[in-house]
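For the record, in the sequence shown the residue sitting at position 155 is 155 according to full-length UniProt numbering, with numbers rising by one throughout.
Backbone N, C-alpha and C define an ideal beta-carbon position, used for all residues, glycine too.
Each remark here refers to the structure printed beneath this line.
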Amino acid sequence: MTTPALPDPDPHWLAGLDAEAGRAALRERVEAAYALCREVHPALPRPGVWLDLRGRSAGQAHFGRGGLRFNPVLFDENRHAFLVEVVPHEMAHWLVHHLEGGPRAKPHGHEWRTVMRRLFGLAPRTTHRFDTGRASPAPHRYRCGCREHDFTARRHALARSGRAYRCRHCAETLVYMGLRTLDEPS
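See below:
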């Protein structure tokens with residue numbers, strides 16, 4: 001494995017930044033990744049950057065909107081990993097999409113993996129391992145024959161409006177148990 005192409009940010013420095021300075025560091029990292037991508041694809045358009053992604057996803061290359069979206073809750077809780085892994089991951093999607101034939105490429109296919117390895121010098125990981133508890137709270141408890149399931153407010157609303165959910169393991173229909181209390185582990 002090669003060494004990462006972007007410099008490793010100091011985790012202590014990152015931890016000491018307030019929210020606004022942290023977001024500025026994120027934008028600077030996107031700009032550095034963009035500059036690196038422009039070395040191999042000079043016509044690459046500059047992506048917009050938004051911190052408005054919710055749920056369990058850390059980042060998203062949003063081609064229709066013309067940029068990269070990041071989850072502000074996950075960023076605040078995982079700043080170093082975000083700058084080292086998530087920004088290059090999403091910028092690799094941005095670059096591949098804008099290459100010839102890119103829109104037809106698989107999201108984490110050969111082209112994307114090649115960009116991650118050869119351009120960014122990183123292992124091509126498709127998912128993060130961040131704790132998404134605060135970013136995607138699931139306070140509604142459901143039960144089947146073998147376990148408990150946590151539902152988000154959106155999924156709970158779908159269940160209450162008549163959508164039936166079954167457990168993938170025991171195939172029983174899930175039954176609502178109530179809200180998880182603050183002192184219960186999720």
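Contact between Met116 and Val30 does not hold, since the beta-carbon distance rounds to 16 Å and is not under 8 Å. Judged by beta-carbon spacing, Glu85 lies within the 9 Å limit of Arg125, meaning their Cβ atoms are closer than that value.
The way I'd put it, the region 36-50 doesn't touch the region 146-161; fewer than three beta-carbon pairs between them come closer than 8 Å.
Assignment of alpha helix (DSSP H) within the UniProt domain "SprT-like" (24-177), counting only whole runs of 4 or more residues, yields 72-77, 87-98, 110-114 and 153-160 in chain order. In this model, Pro42 and Glu111 are separated by some 18 Å (Cα to Cα). In this structure, Leu6 sits away from Ala25, with a CB-CB distance that is not shorter than 9 Å. Around the Cβ of Gly59, a 10 Å sphere holds 16 or more other Cβ atoms; the residue is buried. Within its own chain, the residues whose Cβ lies closer than 6 Å to the Cβ of Leu14, once the five positions on either side in sequence are excluded, are Arg79 and His80, listed in chain order.
Per DSSP, the unbroken alpha helix (DSSP H) holding Ala15 starts and ends at Pro11 to Ala15. Distances from the alpha-carbon of Asp8 to those of Leu51, Leu95, Gly145 and Phe82 put Phe82 closest.
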